[in-house]
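Below is one structure; the comments refer to it alone.
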Amino acid sequence: MATLDRRAFMRTSGLAGLALGLAACGDSGTTTSGSSGTSSSGFGSVKLQLSWKKNVEFAGEYFADSKGYFKAAGFSQVELLSGGGSGTSVESGLATGRCWAGLSAPTITAPAILQGAPLKIVGATFQKNPFAIISLSKNPIEDAKDLVGKKIGVQDSNELVWNALLKANGLDAAQVTRVPFQSDPSMLTSGQLDGYVGFVTSGPVRLKMQGHDATYLLLADAGLPLVAETFTVTQDTIDKERDKLKAFLTAEIKGWKDAVADPAKAAELAATVYGKDQNLDVKEQTEEAKMQNELVVTPDAKANGLFTMTPELIEQNIASLAKAGLAIKAEQLFDMTILDEVYKADPSLKLS
Numbered sequence: 019m020a021t022l023d024r025r026a027f028m029r030t031s032g033l034a035g036l037a038l039g040l041a042a043c044g045d046s047g048t049t050t051s052g053s054s055g056t057s058s059s060g061f062g063s064v065k066l067q068l069s070w071k072k073n074v075e076f077a078g079e080y081f082a083d084s085k086g087y088f089k090a091a092g093f094s095q096v097e098l099l100s101g102g103g104s105g106t107s108v109e110s111g112l113a114t115g116r117c118w119a120g121l122s123a124p125t126i127t128a129p130a131i132l133q134g135a136p137l138k139i140v141g142a143t144f145q146k147n148p149f150a151i152i153s154l155s156k157n158p159i160e161d162a163k164d165l166v167g168k169k170i171g172v173q174d175s176n177e178l179v180w181n182a183l184l185k186a187n188g189l190d191a192a193q194v195t196r197v198p199f200q201s202d203p204s205m206l207t208s209g210q211l212d213g214y215v216g217f218v219t220s221g222p223v224r225l226k227m228q229g230h231d232a233t234y235l236l237l238a239d240a241g242l243p244l245v246a247e248t249f250t251v252t253q254d255t256i257d258k259e260r261d262k263l264k265a266f267l268t269a270e271i272k273g274w275k276d277a278v279a280d281p282a283k284a285a286e287l288a289a290t291v292y293g294k295d296q297n298l299d300v301k302e303q304t305e306e307a308k309m310q311n312e313l314v315v316t317p318d319a320k321a322n323g324l325f326t327m328t329p330e331l332i333e334q335n336i337a338s339l340a341k342a343g344l345a346i347k348a349e350q351l352f353d354m355t356i357l358d359e360v361y362k363a364d365p366s367l368k369l370s
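Converting from the sequence shown to my numbering requires adding 18 to each position, the first position being numbered 1.
Written as structure tokens, this is what we have:
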């Protein structure tokens, strides 16, 4: 699985240019006829920018592609673009027209919007962000108060979320020893760290496969609820290509229903087809798929449908962003009306 650099906070020095680029790019280079965004040959081909390299984290997209859900929805192709490299954020991709939609996170999209980028989050694959404090079971960190007096590995790119966690729990930075960290779990197993900020979908699984019992504290359960793998588009897409966007999200929902139901197949698609150049281990990917299902399928997602966000969850995200120094209003960042229309049109899309 990926290192946490993929969730690096977008540096404000590049946001102004990004916002200007988005304002100038109009409808992201798509050809439309009328408000629905359709063309004479259907919706044509679009590009979806992933937040990282192709691993099991994007299993729903693999199912939607391989089982023909995208084509059935009217797309000749949905090209999945790997993320993770320098300058390949979803927000910059939308600005330059490199992608039509993308998977990002509120901590990255919000600052772009605050700098003037006309973007919206229209759904969230992960109802809970995978960020967690990962520790060993023999010296567990099970509550935020357990951080006091501990040595915690934190990458520079995660400083924003780390500081927000401390603020959310009334902790002073001086109460915890922050240790420079580059995603190497051996620092934990060797005793150099008591814990580290990592992804719950990969860290504990990898440690277990190395023979170590690990535990974790989700930041979402420690006063910092945030969603992740959020579907991000331009406001222009919402305004001018609403039917196209609804068709896309419908195919995505079908793909993720399959991914949730079959972690083993999700891992197989990741390791042997879509991410075959990543040297992924099928067993590890299967365990990660099972772990991420817990972040995708929550009671609210079962009741309301995959990707949806309740008003309460939206407000919790807004409050968490405020703790991270990002003061943004819910209506500036989120638009759940497209998904509302999708599920109203076809209630069978909800999890059974």
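Backbone N, C-alpha and C fix where the C-beta goes; we use that ideal spot for every residue, glycine too.
Source: prediction; values computed, not measured.
For residue i, which three-state DSSP category applies?
| i | result |
| --- | --- |
| Ser110 | helix |
| Thr143 | strand |
| Ser153 | strand |
| Gly78 | helix |
| Phe88 | helix |
| Leu357 | helix |
| Lys347 | coil |
| Gly101 | coil |
| Ala186 | helix |
| Val315 | coil |
| Ser338 | helix |
| Asp299 | coil |
| Asp364 | coil |
| Pro158 | coil |
| Thr304 | helix |
| Glu176 | Correcting the residue identity first, residue 176 is Asn in this sequence and not Glu. Looking at Asn176 - three-state DSSP - the assignment turns out to be helix. |
| Asn73 | coil |
| Asp276 | helix |
| Met369 | In the sequence under discussion, the amino acid at residue 369 is Leu, which differs from the Met named in the question. Leu369 falls in the coil class under three-state DSSP. |
| Pro148 | coil |
| Leu324 | coil |
| Leu331 | helix |
| Leu132 | helix |
| Leu68 | coil |
Give the DSSP bridge partners of residue i, in chain order.
| i | result |
| --- | --- |
| Gln95 | Ser63 |
| Arg196 | Ile170 |
| Asp122 | In the sequence under discussion, the amino acid at residue 122 is Ser, which differs from the Asp named in the question. BP columns for Ser122 point to Thr248. |
| Lys294 | Partner(s): none; Lys294 has no beta bridge. |
| Leu137 | Thr252 |
| Phe352 | Ile139 |
Just to check my reading of the structure: residue i and residue j have Cβ atoms closer than 8 Å, yes? What is that Cβ distance to the nearest angstrom?
| i | j | result |
| --- | --- | --- |
| Leu244 | Asp161 | The pair is not a contact, with the Cβ atoms about 19 Å apart (cut-off 8 Å). |
| Phe76 | Pro148 | With 8 Å as the limit, Phe76 and Pro148 do not qualify as a contact, their Cβ atoms being about 13 Å apart. |
| Thr143 | Phe325 | 6 Å |
| Lys320 | Ala238 | Not a contact, Cβ separation roughly 17 Å. |
| Ala240 | Gly78 | In fact, because the Cβ distance is near 27 Å, the residues do not count as touching under 8 Å. |
| Gln310 | Thr207 | About 23 Å; that fails the 8 Å criterion. |
| Ala282 | Leu242 | Not confirmed; about 32 Å, so no contact. |
| Lys272 | Tyr87 | 5 Å |
| Gln371 | Asn73 | With the chain represented from 19 up to 370, any question about residue 371 goes unanswered, as that position is not in the structure. |
| Gly323 | Lys368 | 5 Å |
Run the proximity test for residue i: is its beta-carbon closer than 8 Å to any non-hydrogen atom belonging to the ligand NAP?
| i | result |
| --- | --- |
| Thr328 | The ligand NAP is absent from the structure shown, which contains no ligands of any kind. |
Closest Cβ-Cβ distance between residue i and chain B: below 9 Å?
| i | result |
| --- | --- |
| Val278 | No chain B appears in this structure, which consists of one protein chain only. |
Quiz prompt | Segment contact flag, the segment 122-140 with the segment 250-268, C-beta cutoff 8 Å, min 3 pairs | solution = yes
Exercise. Please list the segments of the alpha helix (DSSP H) lying wholly inside the segment 200-270, counting only runs of 4 or more residues, in order along the chain.
Key: 204-207, 221-227, 253-258
Quiz item: Between the segment 296-305 and the segment 129-139, are three or more C-beta pairs nearer than 8 Å?
Solution: no
Quiz item: If we count Cβ pairs, one from each stretch, closer than 8 Å, do we get three or more for the segment 158-176 versus the segment 196-207?
Solution: yes
Quiz item: On the three-pair Cβ rule with 8 Å, is the segment 336-348 touching the segment 282-298?
Solution: no
Exercise. Could you tell me whether the segment 78-96 touches the segment 107-114, where touching means 3 or more Cβ pairs closer than 8 Å?
Key: no
Quiz item: Taking one C-beta from the segment 349-367 and one from the segment 172-187 each time, how about it: are there three or more such pairs within less than 8 Å?
Solution: no
Quiz item: Can at least three beta-carbon pairs, one atom from the segment 340-347 and one from the segment 254-263, be found at a separation below 8 Å?
Solution: no
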